[in-house]
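Here is the structure we will look at.
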Amino acid sequence: MSTSTSVFCLFCKKEFISDKFLQMHMNRCKWRKDSVRNLELELEVDVNEDISTHGCRFCGKNWINREEHFKICYQRQEYKKKLENT
Ligand SMILES: [Zn+2]
Ligand SMILES: [Zn+2]
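Note that the working numbering has the sequence shown beginning at 26, numbered continuously upward.
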């Protein structure tokens, strides 16, 4: 038995028990193409919580359709603006 440290998705911080599962997930992570998350990665802003299963991480509401919600989420737009001006 060697190291059994868990690994985390770079995008949504979901926890995985092995690199294999992590890679599988990362290829289809819903946060992967998120413009805000990519901006955060660029700016090296770390997200410390698992955001994979939450509702909107910006306003706290649950979404029915995430993409649609993100188009209208005020908090998300404000946060994005803030990042862009960093
Ligand atoms: Zn992920
Ligand atoms: Zn929202």
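The beta-carbon is built from N, C-alpha and C at its ideal position, and this holds for glycine as well.
- Set against 8 angstroms, the gap from the CB of Phe95 to the closest heavy atom of ligand 1 is not smaller.
- Judged by their CB atoms, Trp56 and Cys84 are not nearer to each other than the 9 angstroms cut-off.
- For Glu74, the three-state secondary structure derived from DSSP is coil.
- An exposed status is given to Arg53, since fewer than 16 other beta-carbon atoms sit within 10 Å of its beta-carbon.
- Secondary-structure assignment with DSSP links Phe41 through a beta bridge to Val32.
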